[in-house]
Each structure stands twice: as structure tokens, then as C-alpha cells.
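First to last, the protein sequences are chains C and D. Residues in the first sequence are numbered consecutively from 1, following the numbering used here. Residues in the second sequence are numbered consecutively from 1, following the numbering used here. Have a look at the structure below before the remarks.
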Amino acid sequence: MLKRNRKNKDYWQFWEAKDVTSAGRFFFLILVIAGVISIVRFFDWWFRPEHVASIPLFVLLSLIIWYGIVRIVVIWINYLGIKKPERIEPEKGLKVAIFTTSSPGEPLSMFDKTLEACANITYPHTTYLLDDTQDARFKAMAKKHGAVWLELVGLPGAKAGKVNKALQMIEEDFVLILDPDHIPFPNFLDEVLGYFKDEKVGFVQVSQAYYNQYRSFTARGAAEQTYTFYGPTMMGMYGFGTSVAIGANCTFRKKALESIGGHGVGLAEDLITAIRLHAAGWKSVFRPVVVSRGLVPEDFGSFCKQQLKWSRGVFEVLFSEWPRLFKNLTGWQRLSYLAISTYYLVGVTTFLYVAIPFLYFWAGWLPANMDFGEFLVKGTPVVLVAVFIYLYVQRWMSHPPTERGLHWRGMILKFATWPVFFLGAMLAVVNAEIPYIPTAKKAVKGLSPYTRPLIFQVILFVLTLAYVIYDRLYVVSEGMLALTSQKVWGMFAFAFVAIIMVAGGIYAAYESRNLEPEEPWAKIDVQKIKTDKNEK
Amino acid sequence: MKSKIKRFAFVSGATLFGIVLVLIFVFLGKQSSGPVSEVLNTLGNKVTDVEHDLLMKSREPVRSKELAWFNKYRNDTVLLRHPDTILLGVFDNNYQKGFDKILKLDKMLKEPLPLIQIYTAWGDKDNEQFPMLYAKAIYDLGSTPMITWEPWLSDFNREEHNLPPVVDPDKNGMAAVARGDYDFYIKAWAADVKTFGHEVFIRLGHEMNDPYRYPWGPQNNKPAQFVAAWRHVVNVFRKMNVRNVLWIWAPQPAYLHYKEYFPGKSYVDWVGVGVLNYGTVAPWSKWWTFKEIFGNFYDRLDTFQKPFMVTEMGSLTVGGNRRTWFKNAFTNLPKKYPHLKAILFFDDTSDNTTLNKSLNWSIVDDSATCKVIHVAIETTWKNRVEPVQNNGKKMVKK
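Right, dumping it as C-alpha cells:
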């Protein structure tokens with residue numbers, strides 16, 4: 001009998017998402033239909049000629065709102081395909097490699113933990129340390145844990161460059177590429193290798209989970225942003241045959257990687273690899289299990305750097321991979337990669353959202369004549385259903401006890417990083433490079449430069465408030481005052497919502513400044529990781 | 001085959017439940033639409049009030065200062081019933097955007113207008129409730145609101161208010177009003193008028209004797225029913241001790257039967273008349289002077305022994321000379337019509353209530369006409385107690 005430990009909040013415990021039942025899917029379909037009807041009603045109300053105050057601004061506002069709604073609908077459709085693969089016991093005697101990479105500046109003690117955990121993985125394998133630190137202590141560390149040390153210095157393409165070189169040097173047929181900050185559980189390979197019985201399976205991805213959320217607001221928010229993705233979202237993508245590889249914890253068939261000329265190179269190397277493998281006809285599997293835990297950025301600056309890297313990189317998929325591979329992808333894969341590669345347009349839409357009240361105050365541009373009460377009445381069902389669905393699909397998270405919730409920190413952090421996404425999108429449009437920035441492994445001191453636009457936004461808000469008060473005290477005609485009051489202060493409320501979110505981001509950055517450097521892995525006892533199954 | 005049936009049942013079942021879920025939302029939304037929109041309305045008005053209290057206190061009022069002479073009148077019901085001067089006023093169809101055009105007309109006529117008119121229909125919608133926001137704004141500008149209150153009865157959700165189902169709610173509608181069917185609405189209005197707390201002119205069910213215009217007219221109601229409805233409305237206000245209303249009874253004198261619509265001296269404070277010269281724009285009309293539209297009926301209407309208000313004054317420009325029209329109307333007006341105590345310009349730039357086209361009655365941009373009016377008042381209104389400011393300086397002659 002399996003122990004019922006629903007309340008288990010222990011990070012170091014193997015965990016697996018709930019099975020998908022017919023009843024669960026049926027109830028979900030009800031919610032989606034309710035949501036679609038609500039959206040149709042909202043649509044019918046939104047696009048009315050009497051709502052248009054200024055045609056260009058109304059078009060802009062509509063694009064912002066409907067871009068968001070379309071994305072919500074796409075994610076709902078994705079959830080309709082939700083599917084969890086049956087566990088398959090792996091054959092004995094597969095030849096498996098584990099790759100982990102070390103680069104200059106990365107803390108040695110972290111590798112002590114990671115390599116120890118790799119050695120602990122029960123399925124027979126060889127661990128390789130792909131090292132370019134030119135630091136003898138790393139070689140010694142590899143030796144200590146029985147890993148093969150490969151010195152790979154001066155290769156282009158950063159991590160992917162080293163992986164590709166190492167691929168040519170090994171005999172094994174399967175490769176797990178493990179981020180060095182991730183501590184794998186002993187049963188990692190047992191959970192994934194079985195799927196390779198299907199000759200068409202090119203890679204198996206598992207969930208990403210973290211163990212340093214407790215460190216800061218940023219860490220919690222950053223982790224919250226990923227929970228739904230590494231559960232229901234990827235399960236839906238798996239159902240539609242389009243689950244992707246995510247930088248870490250992906251196990252590849254070497255033959256598959258070789259068929260596309262090796263691991264993809266670039267800021268979004270994982271996604272590039274996945275789309276190429278799919279285009280080459282390889283299948284992918286997503287298994288919603290927690291079989292490793294790693295680090296999430298702890299300070300606001302590192303988080304922004306990581307987001308910038310992704311937002312810039314992901315657009316590369318849109319511009320160079322997606323059109324090129326279009327004809328080789330299935331319909332669902334086309335939709336899925338289009339949705340992923342346009343995700344960071346949210347930077348542009350949020351920028352416009354932020355700009356609208358200021359355009360109103362400084363230029364007098366009003367986008368829409370809508371009765372706020374009507375907006376609430378028509379919009380509330382859409383929001384309610386969306387929230388309900390968001391909470392409902394959490395049943396399929398990989399580790400619900402620690403991952404469930406409204407994820408408000410994640411939302412604040414997502415909003416407050418709009419300048420980063422915006423920058424990423426702009427860099428992509430002009431095809432400008434950003435240097436390869438590895439995600440910081442330990443908290444970095446100082447107020448991040450990415451907070452400057454946020455502080456500017458707050459200052460602009462305060463100045464605008466002062467200007468409007470002055471204007472209404474001394475300038476605005478007496479005949480206009482009372483009748484513009486609600487509009488003006490309504491717009492301020494609109495701008496203030498954004499300011500609250502941004503203030504959350506500034507708080508995260510401020511908190512990051514005082515973050516004590518710590519090595520979160522020091523406390524982890526690899527030997528105590530539990531691999532018994534949770535109740536399904 | 002079996003799996004196909006199962007799938008179909010699965011999808012259609014979910015669709016059914018999804019629709020039910022939305023219907024529940026809609027139902028809840030409908031149930032709460034009253035209170036919710038009320039709360040939102042109150043919230044909106046609160047915003048204006050808070051700004052008014054916090055910010056506007058420190059702002060120097062301009063117009064209300066110029067209209068200081070009118071304070072004596074507007075805070076005194078007795079004086080407003082029998083004013084010793086002629087009050088000017090205006091309706092501007094763009095008032096919802098702001099009162100700037102009215103302020104402009106003030107300047108053109110060289111005197112701020114003490115009365116500002118707005119129109120409100122009966123019904124459930126937000127803009128069919130007492131226009132608190134505008135009334136307050138009008139008061140802040142130093143004026144008094146005149147509200148034309150039109151008893152259209154088709155804009156009520158009959159089920160929600162437990163009203164008996166009828167094909168046409170306007171048919172015998174006045175009898176229903178008199179019966180108290182619409183008291184829920186009248187009482188809410190009366191309560192708002194009381195909350196407003198300053199004097200309000202209300203022109204209820206105007207042109208009730210015109211068989212071709214409004215649904216509260218003779219095509220749907222007998223005169224006695226109209227009178228009963230009127231008295232009922234006034235009595236509801238009185239029972240709630242709402243005393244700050246001046247009731248304007250406004251027939252269309254061109255239809256000679258109107259006496260039977262008069263609710264009685266104790267129920268009426270003013271008699272209103274619309275004076276609009278359509279010129280040759282309408283097939284049924286020709287260039288009629290002010291005297292022809294109003295003056296010829298003056299003596300007959302005077303038998304009601306109430307002060308007169310020209311609730312809508314305007315002339316189009318096709319078929320004659322508008323400047324002359326206004327000049328003739330205003331010259332020696334107090335002498336010709338001693339009981340005419342208020343005139344409201346109908347400054348509607350796009351009136352499409354009468355004809356199939358939009359008519360522009362506005363004079364605000366016609367500086368020649370405005371000047372003619374000003375000069376006529378200045379030179380010929382000998383009987384007018386001239387509006388003076390507190391310091392005794394004449395207001396008109398600046």
C-alpha cells in the first residue's frame with residue numbers, strides 16, 4: 001500500500017503528477033466551453049462602434065486585450081490535449097551518458113553535490129563533466145565522484161558547443177543533459193529510459209523543480225512562473241505531440257541529435273533542438289515527475305538576465321527556425337512553436353498598456369468610450385473562468401503540495417519584467433546580439449539596472465499626478481471639471497494597478513540587494529532523497 | 001462505433017454543462033445588475049465628490065461668483081415661484097462632455113445663464129436615473145438645473161419590477177403611473193432630488209396634448225389620466241417631503257385643447273412653452289415669428305396665473321432672417337409679456353427628434369445673433385430688475 005502523503009512538502013521526495021481521468025477532462029471541457037461563450041459575449045460587446053474614441057488607439061487597445069485573450073484560448077486548447085504517458089520499465093543494459101557542464105566562475109562545491117547525486121543514480125550510466133574552467137580542482141572533483149572529465153576549452157557555442165564536441169567522443173546511445181545546479185534523484189533514469197523502446201522517440205523531458213524558493217521574493221516568483229508549464233502545459237503539449245526540450249533534464253537519443261547535426265546552438269538552444277527534432281520526425285515524451293531539483297534565480301538582476309536571454313533567444317526560433325521547418329511540422333507543432341516563440345511579445349503589449357494612461361494625461365488621447373460598469377459586467381465571467389481553469393489544472397502539477405496557489409509573486413514579477421521582454425523583442429526585431437549570459441548561480445549584490453525603467457515609470461506616475469492636480473486646480477475650465485473627474489481618476493486607477501505591480505518588482509530588486517550570499521546546496525543530503533512513489 | 005458515441009456524448013454533455021454555467025453567470029449578473037451598477041454609480045459619484053472636497057475647495061470659482069446675484073433666487077423656493085426678474089438659460093446637447101459650450105454662450109451673450117436644462121427619460125438605465133453628477137456640476141457653476149423628465153414607459157424591465165405584462169406599456173400608461181405601478185422609480189428619483197438638496201425645475205411629460213409626438217399624449221391616454229398621473233407623481237414627492245422641486249407644466253399651445261390637461265394650480269409652479277421656428281425646413285411649417293408661436297397664445301395661457309418659461313427657444317435659418325427673428329422676440333419682451341419669467345435657449349447642434357434630418361439650432365457660434373440679443377436686452381428691457389453683483393455693480397453692463 002502506498003502511503004497517503006498529500007501534505008508532503010518535502011522537496012527531496014520523488015513525485016509524480018496525478019493521472020488524467022475522464023471525469024477530470026470532462027469537467028475541464030465544461031469550463032472551456034463556459035469560457036469560450038463568455039469570451040464570445042465579451043467580443044460582441046467590445047467591438048461596438050460607440051466604444052471607439054480614437055481609431056488608432058482603439059485598435060492598439062484591442063490588440064493588447066485580444067492578444068492576451070487569444071493566448072488564453074490557445075492555452076485552454078492545449079489543456080484539452082492533456083495526457084500523461086504510462087510509465088514504461090526500461091530495458092536492461094542500455095548505454096547511457098550523463099552530461100553536465102562546468103564553466104569559469106561556477107562554484108566548485110555545487111559540483112560536489114551534483115556529481116555525488118549523479119553517482120547515486122541507480123541505472124548504470126557514465127557521468128561526464130564537460131569542463132572549460134581550466135581549474136585542476138574540477139578535474140579532481142570529477143575523479144572523486146567517478147565521473148569522466150572532459151576538458152573542452154575554447155569551443156564556440158558555449159554549453160551546446162561543448163555538448164556537441166562531447167557527443168562525438170562517447171560510445172553511449174542515450175544522453176541526459178543535466179544543468180550543473182540540478183541535483184538528480186537516484187531513480188531519474190528509471191523514469192525516462194523506458195520510452196526509448198519506441199524507436200521514434202527522440203527525447204524525453206521531465207519536470208523542472210527547484211529547491212531555493214525560500215531564498216527571496218524573486219526566487220519564489222520565478223519558480224511560481226514555471227509550475228504550470230512543467231505540469232499541465234507540457235502534458236497538453238505532449239498530448240498534441242509537441243512537448244519540447246527545456247535546457248535542463250532532457251534525455252536525448254544520440255542518434256536523434258546526430259540526425260539534426262547535433263544539439264542546437266544559440267540563446268534558446270533547447271527550443272531550437274526541439275523544433276529541429278520534431279521537424280526531423282522524432283517524437284517526444286513529457287513525463288510529469290520530479291526527479292531532480294535545481295536553482296531558480298534568486299536576485300532580480302539574474303532573473304532579468306535570464307529572461308532577457310530567453311526572450312531574445314525565443315524570437316530567433318520565430319524568425320529563423322519556424323518558417324524554415326514549417327512544412328515538416330504537424331499542425332499542432334506549428335501552432336505550438338508559434339505560440340512559444342511569440343510569448344515574449346507580452347513585453348510590447350505591456351509597454352503599450354503602461355503607456356495608455358500617460359498618453360491620455362499628456363496628449364489627451366482616449367482609446368475607448370466604455371462604461372466601466374459594463375466592462376466589469378462583461379469581463380468578469382471571462383476572468384472568473386480563466387482563474388477557475390488556472391486553479392483547476394493545478395491538479396496536474398508535478399508536485400501540487402508545494403506548487404499550488406494563485407502565484408501572485410509570479411504575476412508581479414512577470415509584469416515588472418516588461419522592460420526586459422520589451423528589450424528582448426526589440427533586439428530580435430533589429431537582429432542585434434546580446435552576449436551569452438549564464439544564469440547566476442549565487443545571488444549577486446546591488447540594485448539591478450533592469451529596475452531603472454521601473455523607477456522611471458514610478459517617477460513619471462508621480463510627476464503626472466502632480467501635473468494633473470495642478471492642471472485641475474488652475475487650468476482646466478470650470479465647465480469641464482465635474483464631468484471629467486471620473487474619467488481622469490479612473491485612468492489614474494488604471495495606471496496605479498501597473499504601479500503596484502512595478503513596485504513589487506522594485507521591492508524584489510531591493511530585497512536582492514540585501515540577500516546574504518549562501519550556497520543552498522550545502523544543506524542538501526543527497527543520500528536522503530526518497531524515491532518511493534507518491535499516491536497517484 | 002461505440003467509442004464514437006462515447007466521444008459524442010462526452011463532448012455534448014460538456015457543452016450542455018458549459019452553457020448552463022454561463023447561464024448561471026448571466027443570471028447572477030442580471031440579478032446583481034441593479035445593485036452592482038448602483039454601487040459603481042455611487043462609487044463614480046463619490047470620486048467626483050472627493051475630488052470636489054479635496055481639490056476644488058482650493059480653487060477660485062469664477063462663474064458662480066459672476067452669478068452671485070442669482071444665489072438669492074436659487075436658494076429660495078418662494079422667490080423662484082414668483083421671480084421679479086427674467087432668468088435666462090440654455091440646453092446644450094453636448095453637455096455630457098462638459099459645460100464649455102455653455103460657458104462660451106455666457107460670454108457671447110455677456111451674461112452667465114442661471115438655468116441649465118437637461119433631458120432625462122424614464123427607465124432602468126443609468127442615464128435614466130436622477131442626473132446627480134450633472135445637477136451637482138450645474139449647481140457648482142452657480143446655476144440651477146432644469147430637467148425635462150419624459151415618462152417613456154417602455155424602458156423598464158417589467159418582470160424585474162413585477163409589472164403586469166402588456167403589449168405596449170405606453171398604452172394607458174398614465175393610468176398605470178397614477179395607479180402607482182412606477183412608484184419604485186418615482187420614489188428613487190424623489191430621494192435623489194432630496195439628496196441633491198437644491199432647487200430643481202422639473203418639466204414632466206411635456207407637450208402632453210400633442211397627438212403626434214410623445215407616448216404620454218392623447219393617442220395613449222385620456223386627459224384625466226394624465227392629470228391623475230401628474231398629481232400622483234407630485235404627491236409621491238410631497239409625501240416623501242421632497243420640497244425642492246418647481247413643477248413646470250408645458251402643453252403645446254398650437255393644439256388648442258390643453259386646458260383639460262392642467263393638473264391644477266396647487267400642482268403646478270410654472271407654465272412652459274416651447275418656441276421653435278422651423279422656418280421652411282419642414283413641410284408643415286413656415287417662417288413663424290416669436291409672436292406667432294408664443295405671443296398669440298399668451299393671453300389664453302395667462303389664465304393659469306403662473307409664471308411662463310420658454311423652455312426651448314430657437315430658430316433655424318432657412319426661410320427668413322434669424323437675427324431679425326431674435327431681435328423681434330427680445331425687443332421690449334418684458335413689456336409685451338409681463339409674466340414671461342424665464343427663457344432657455346435651445347442650443348442643440350444636431351436635433352433629429354422631429355425630422356429625418358439633423359437640425360442645428362445653435363446660436364453659440366453666430367456672434368451677430370448673440371449680439372442682437374444682448375443689445376435688445378440691454379436697451380429695451382426696462383422692466384427687468386437687472387442682475388447685480390453683491391457689490392452692487394451691474395452685471396450686464398461690463
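Heads up, the beta-carbon is just placed ideally off N, CA and C, and yes, glycines get one too. Just so it is clear, the structure is predicted and the values come from calculations on it, not from any experiment.
query                                                                                                                                                                            : result
Flag this pair as yes or no: are the beta carbons of residue 307 of chain C and residue 417 of chain C separated by less than 7 Å?                                               : yes
Considering only residues of the same chain and omitting the five flanking positions on each side of residue 20 of chain C, which have a CB-CB separation below 8 Å?             : 82, 83, 84, 235, 396
Take the Cβ of residue 169 of chain C as the centre, count every other Cβ of all protein chains shown within 10 Å, and call the residue buried at 16 or more, exposed below.     : exposed
Under 7 Å between the Cβ atoms of residue 274 of chain C and residue 245 of chain C?                                                                                             : yes
Could you give the distance in angstroms between the alpha-carbon of residue 309 of chain C and the alpha-carbon of residue 270 of chain C?                                      : 12 Å
Which residues in chain D have a C-beta closer than 7 Å to the C-beta of residue 489 of chain C? List them in chain order.                                                       : 47, 51
When you compare only the Cα positions, how much space is there between residue 242 of chain D and residue 303 of chain D?                                                       : 28 Å
If you run the structure through DSSP and keep just helix, strand and coil, what is residue 277 of chain D?                                                                      : strand
Could you compute how far the alpha carbon of residue 101 of chain D sits from the alpha carbon of residue 210 of chain D?                                                       : 31 Å
I want to verify the contact list: residues of chain C whose CB lies under 8 Å from the CB of residue 62 of chain D, in sequence order.                                          : 478
Quick one: is residue 15 of chain D near chain C, going by C-beta distance under 7 Å?                                                                                            : yes
In whole angstroms, what separates the C-alpha of residue 16 of chain C from that of residue 295 of chain C?                                                                     : 20 Å
Would you call the CB atoms of residue 410 of chain C and residue 221 of chain C closer than 7 Å?                                                                                : yes
My understanding is that residue 226 of chain D touches residue 205 of chain D, with C-beta atoms under 8 Å, so please give their C-beta distance in whole angstroms.            : 7 Å
Here's a check: name, in chain order, each residue in its chain whose Cβ is nearer than 7 Å to the Cβ of residue 288 of chain D, leaving out the five neighbours to either side. : 277
Would you say residue 59 of chain D reaches chain C, if we count a Cβ-Cβ gap shorter than 7 Å as a contact?                                                                      : yes
Cβ atoms of residue 271 of chain D and residue 246 of chain D: under 7 Å apart, would you say?                                                                                   : no
Please look up how many angstroms separate the CB atoms of residue 64 of chain C and residue 349 of chain C, rounded, as I've assumed it's under 8 Å.                            : 5 Å
For a contact meaning CB atoms closer than 9 Å, what does residue 96 of chain D contact in chain C?                                                                              : 483
Within its chain, find whatever has a CB closer than 8 Å to the CB of residue 403 of chain D; leave out the 5 residues flanking it on each side and keep chain order.            : In this structure chain D extends from 1 to 398, so residue 403 of chain D is not present and cannot be described.
State the Cα-Cα distance for the pair residue 380 of chain C and residue 58 of chain C, rounded to the nearest angstrom.                                                         : 21 Å
Helix, strand or coil: how does DSSP classify residue 266 of chain D here?                                                                                                       : helix
Can you list, in chain order, the residues of the segment 396 to 413 of chain C whose Cβ is nearer than 7 Å to any Cβ on chain D?                                                : none
Closer than 7 Å between beta carbons: that is the criterion. Which residues of the segment 183 to 199 of chain D meet it against chain C?                                        : none
Reducing DSSP to helix, strand and coil, say where residue 210 of chain C ends up.                                                                                               : strand
Could you tell me which residues DSSP pairs with residue 239 of chain D in its beta bridges?                                                                                     : Answer is none; residue 239 of chain D lacks a bridge partner.
Using a Cβ cut-off of 8 Å, pull out every chain C residue sitting near residue 100 of chain D, in sequence order please.                                                         : 477, 479, 480
Given a cut-off of 7 Å on the beta-carbon distance, is the pair residue 344 of chain C and residue 424 of chain C in contact?                                                    : yes
Please report the distance separating the alpha-carbon of residue 200 of chain C from that of residue 97 of chain C.                                                             : 20 Å
Does residue 373 of chain C have its Cβ less than 7 Å from a Cβ in chain D?                                                                                                      : yes
Please name the residue or residues paired with residue 15 of chain C in a DSSP beta bridge.                                                                                     : C/290
Would you tell me roughly how many angstroms separate the C-alpha atoms of residue 420 of chain D and residue 279 of chain D, rounded to the nearest one?                        : The question about residue 420 of chain D has no answer here: the residues shown for chain D are numbered 1 through 398.
Are the beta-carbon atoms of residue 116 of chain D and residue 151 of chain D separated by less than 7 Å?                                                                       : no
Would you kindly work out how many angstroms separate the C-alpha atoms of residue 25 of chain C and residue 10 of chain D, rounded to a whole number?                           : 10 Å
What residues of chain C sit near residue 55 of chain D, judged by a beta carbon separation below 7 Å?                                                                           : 469, 472, 473
When you check each C-beta in the segment 331 to 346 of chain D against every C-beta of chain C, which residues fall closer than 9 Å?                                            : none
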